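Chemist: Every number in our numbering is 5 more than the matching position in the sequence shown, counting from 1. Glycine included, each C-beta is placed from N, C-alpha and C at the ideal position. Since this is a predicted model, take the numbers as computed values, not measurements.
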Amino acid sequence: MFKGFIFDLEGTVFLSDRLIPGADRVIKLIQEKGRKVIFLSNRPLPTCGVIISALEAVTLKKVEVIVGEPSLTMAEAVLEALGLRADDCILIGDRLETDIKMAKDSGMAAGIVLTGVTDEKTLKESSLHPDFIFQSIADVDNLLIG
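(1) According to the neighbour-count rule (16 or more other Cβ atoms, all chains shown, within 10 Å of its Cβ), is Leu157 buried or exposed?
(2) Do you know offhand how far Ser131's Cα is from Ala114's?
(3) What ranges does the beta strand (DSSP E) occupy inside the region 43-106, keeping only unbroken runs of at least 3 residues that lie completely in it?
(4) For Ile138, which option in Asp110, Asp99, Ser111, Val72 has the closest C-alpha, if you only look at C-alpha atoms?
(5) With a threshold of 6 Å on Cβ separation, who are the neighbours of Ser141 within its own chain once the five nearest residues in sequence on each side are excluded?
(6) Is the beta carbon of Ile105 less than 8 Å from the beta carbon of Leu133?
(7) Using DSSP with H/G/I as helix, E/B as strand and the rest coil, what is Leu20?
(8) Distance, Cα to Cα, Val72 vs Ile150?
(9) Buried or exposed: where does Val55 fall if 16 or more other Cβ atoms within 10 Å of its Cβ makes it buried?
(10) Output the residue ranges of the beta strand (DSSP E) runs that lie fully inside the region 105-138 and measure 3 residues or longer, sorted by chain position.
(11) Please name the residue, chosen from Glu102, Arg90, Thr123, that lies closest to Gly112 on a Cα-to-Cα basis.
(12) What residue from Phe19, Pro75, Asp93, Arg30 has the CA that sits closest to Phe10's CA?
(13) From Asp110 to Lys66, what does the alpha carbon distance come to, in whole angstroms?
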């Protein structure tokens, strides 16, 4: 069971500045289970403002977003912000070459959603293999059961 959930924003939690169906439910469930959540974005924070406000409205909690390019330095900053070890966390994103690579390189579990840039064909052809494959963030709640 994971103690920390790290979500890429674009393509994973929202598309075109709209929450992906089920994202609010999954994030609230994670928080209700006492797990930690943090969001990643390489967009400037003001650009993410609408999404941050929407997430805070549905979760009724302050949302922490870290901006920057995926890297080991970013992974270290995320783990420090969460106060958790890499093996206690899962990073869920929509890009194999950035999100999944960062998770694998830093020792975190890696989950891919197929709502962003990665599709099943790309996934089959890639040398990067996530630990979990989700049709969307709405399916992440299966990780929380049991």
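Modeler: In this structure, then:
(1) In the structure displayed, the chain extends from 6 to 151; residue 157 sits before or after that span and is not available.
(2) 17 Å
(3) 70-72, 94-98
(4) Asp99
(5) Ile25, Val118, Thr120
(6) yes
(7) strand
(8) 30 Å
(9) exposed
(10) 114-118
(11) Arg90
(12) Asp93
(13) 30 Å
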